[in-house]
Structure formats: structure tokens, C-alpha cells
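Asks: Going by my numbering, the first residue of the sequence shown is number 9, and it counts up by one from there.
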Amino acid sequence: MISLSTFASASVAVELAAVGGCALAGIWCGRLSSALRWAAVWAVLFVLCWLCAHSGVVLMAVGASFAMVRRMLCAFMMAANMVGTTRTGELAYSLQRLGLPKRVSAALCVMLRFAPTLGQEFGAVLDAMKVRGIALSPARVLRHPVQVIENLLVPVVGRVGIVADELANAAAVRGIDAPNRRTSYYELRIGVVDALLLVYFVALAGVSVALGAGVLA
Numbered sequence: 009m010i011s012l013s014t015f016a017s018a019s020v021a022v023e024l025a026a027v028g029g030c031a032l033a034g035i036w037c038g039r040l041s042s043a044l045r046w047a048a049v050w051a052v053l054f055v056l057c058w059l060c061a062h063s064g065v066v067l068m069a070v071g072a073s074f075a076m077v078r079r080m081l082c083a084f085m086m087a088a089n090m091v092g093t094t095r096t097g098e099l100a101y102s103l104q105r106l107g108l109p110k111r112v113s114a115a116l117c118v119m120l121r122f123a124p125t126l127g128q129e130f131g132a133v134l135d136a137m138k139v140r141g142i143a144l145s146p147a148r149v150l151r152h153p154v155q156v157i158e159n160l161l162v163p164v165v166g167r168v169g170i171v172a173d174e175l176a177n178a179a180a181v182r183g184i185d186a187p188n189r190r191t192s193y194y195e196l197r198i199g200v201v202d203a204l205l206l207v208y209f210v211a212l213a214g215v216s217v218a219l220g221a222g223v224l225a
């Protein structure tokens, strides 16, 4: 619904409403600072788009790139909120209740754990670079781009395969492929706020589609 809302039409008002809805969802989940940071990033991108649009033809292509990132920001915002507040067991139980195939739910659960783990790996590699006196900086990236790729990306890529195997093995040990219906420690139900947010984003997507189709002016 969020992606449909931001891409079905070019309305800035709808996009702003989507950002507001995502921020409210983050605040409801207890992530006020994160919601404010995402909203600030959207505001900065909006200003950059406006400046590029009024700075001549050369910068219009740059502004279009900023606009594309700005439209994707809402989906990233909600995804970050989900990763930061959802336990793997909660996601597995919810997907089972929705009736999704086990292969799909297993892949989504592994992906949920993979994103923060990848961030930790980047942090560990950056710390190791600092210890060795090759700390990452904009000046170093510009002067020695190949060396930065070698020192940063090569260790991370090597760790990604190991982490993926570890997560897959952990899921297998926990019986992710078991034929029986999984039990859960969590009892999840759709509450009033969940229903309100769902109705809000469905309505927003409907308005965006109507604007894109020319039904609404």
C-alpha cells in the first residue's frame, strides 16, 4: 500500500501523507527518534529536489534521482520500523496465521535477521580498519577508491556467505521445515491501531491511484 501510494501518482501531498503515516506507525512502536530522523531525511530530499528543479536543465536529472529515492523512502521507513520492532518468532507466527507457504515464511524470517546482522558486520569491519590505521573517510574514498573496496567490501562479502549459512542452520535447528503446525510463545492479534493504520494506507493508496488515473483532479 505504501509503495502504491507513493508511485501511483506524482502528488506531493499524498507522499507527505504517506511519510506522516509511517512516522505515526514508528512513534506508536516506540521509535520516536527514528521516525523523526526518517522524516528529516525526506524533508532534505524534498528540498534538494526543489533546488535541482529550479537550477537549470543540467541538474534536473540529478533532481529526478533524488525524487526516486524520496519516493522509495516511505517503504524503507516502514521496513526499518518492522526490522527494529519485530521478533523472528512473531513474524513466523504471523505469516503462519496468514496461511503463507513455509518456504516463503522461512525466507522472510531469515531476511529479517540478515539485515541487522549485515549492519553489525559492516561495523565490525570498520572498527578493524580503524585499529589498522586505515579508517574510512570521504577523503580516503576519493583518493584510494580501489583500496577502500578491498579493505571494506571484500571482508563483508566473505562474511555474508558465512552469516547466511549460520542463519539457515539456526532456522533448520528450530524446525522451520517441520511438517507440523508451529506453536508460538506469542499471541498476536490485530488491534484498533493496526486496523486504523491499515484503513489509512488503503485509503491513501486509493486516492493516489485515482489521482494517477485522472479520476481526481
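Quick reminder that beta carbons are idealized off the backbone N, C-alpha and C, glycines included. Quantities reported herein were computed from a predicted structural model and do not represent experimental measurements.
#1: Thinking Ser216 and Val20 are a contact (beta carbons under 8 Å), I'd like their distance in whole angstroms, please.
#2: Taking Gly97 as part of the alpha helix (DSSP H), name the residues at either end of that continuous run.
#3: So Cys82 is in the alpha helix (DSSP H); what residue range does that whole segment cover?
#4: Helix, strand or coil: which one does DSSP assign to Val223?
#5: Taking all protein chains shown into account, do 16 or more other C-beta atoms lie within 10 angstroms of the C-beta of Ile198, making it buried, or fewer, making it exposed?
#6: Alpha helix (DSSP H) containing Ala147: first to last residue?
#7: Can you tell me the Cα-Cα spacing of Cys82 and Phe122, whole angstroms?
#8: Thinking just about the alpha-carbon of each residue, which of Ala213, Leu59, Leu212 and Leu134 is nearest to the one in Ile4?
#9: So Val27 packs on Ala47, CB below 8 Å; how close in whole Å?
#10: Would you mind sorting Ser41 into buried or exposed? The rule is 16 or more other CB atoms within 10 Å of its CB.
#11: How many Å lie between Phe209 and Pro109 at the Cα?
#12: What is the DSSP secondary structure of Gly29, counted as helix, strand or coil?
#13: Quick check: the Cα distance between Cys30 and Val207, rounded to an integer number of angstroms?
Replies: Per the coordinate set shown:
#1: Counting from 1 along the sequence shown, the entry for residue 216 is found at position 208. Counting from 1 along the sequence shown, the entry for residue 20 is found at position 12. Not quite, the Cβ-Cβ distance comes to about 11 Å (not below 8 Å), so this is no contact.
#2: As a position in the sequence shown, residue 97 is number 89, starting the count at 1. Residues Thr96 to Leu106.
#3: In the sequence shown, the residue the question calls residue 82 occupies position 74. Counting along the chain, the alpha helix (DSSP H) containing Cys82 begins and ends at Met68 to Thr93.
#4: Stepping through the sequence shown from its first residue, residue 223 is reached at position 215. Three-state DSSP puts Val223 in coil, outside helix and strand.
#5: Along the sequence shown, one-based indexing puts residue 198 at 190. By the neighbour-count rule (16 or more Cβ atoms within 10 Å), Ile198 is not buried but exposed.
#6: Sequence index remark: in the sequence shown, residue 147 carries index 139 (1-based). Pro146 to Arg151 is the extent of the alpha helix (DSSP H) around Ala147.
#7: Looking up residue 82 in the sequence shown gives position 74. Looking up residue 122 in the sequence shown gives position 114. Taking the straight line joining both Cα atoms gives about 21 Å.
#8: Nothing about residue 4 can be reported from this structure: the residues present for the chain run from 9 to 225 only.
#9: Mapped onto the sequence shown, residue 27 falls at position 19. Mapped onto the sequence shown, residue 47 falls at position 39. Rounded, the Cβ-Cβ distance is 6 Å, consistent with contact.
#10: Along the sequence shown, read from residue 1 onward, the residue named residue 41 stands at position 33. Exposed, because fewer than 16 other Cβ atoms sit within 10 Å of the Cβ of Ser41.
#11: Here residue 209 corresponds to residue number 201 of the sequence shown, with the count starting at 1. Here residue 109 corresponds to residue number 101 of the sequence shown, with the count starting at 1. Rounded to the nearest angstrom, the two C-alpha atoms are 26 Å apart.
#12: Position 21 of the sequence shown holds residue 29. The answer is helix: DSSP assigns Gly29 an H, G or I state.
#13: For this step, residue 30 is matched to residue 22 along the sequence shown. For this step, residue 207 is matched to residue 199 along the sequence shown. Going from the Cα of Cys30 to the Cα of Val207 covers about 13 Å.
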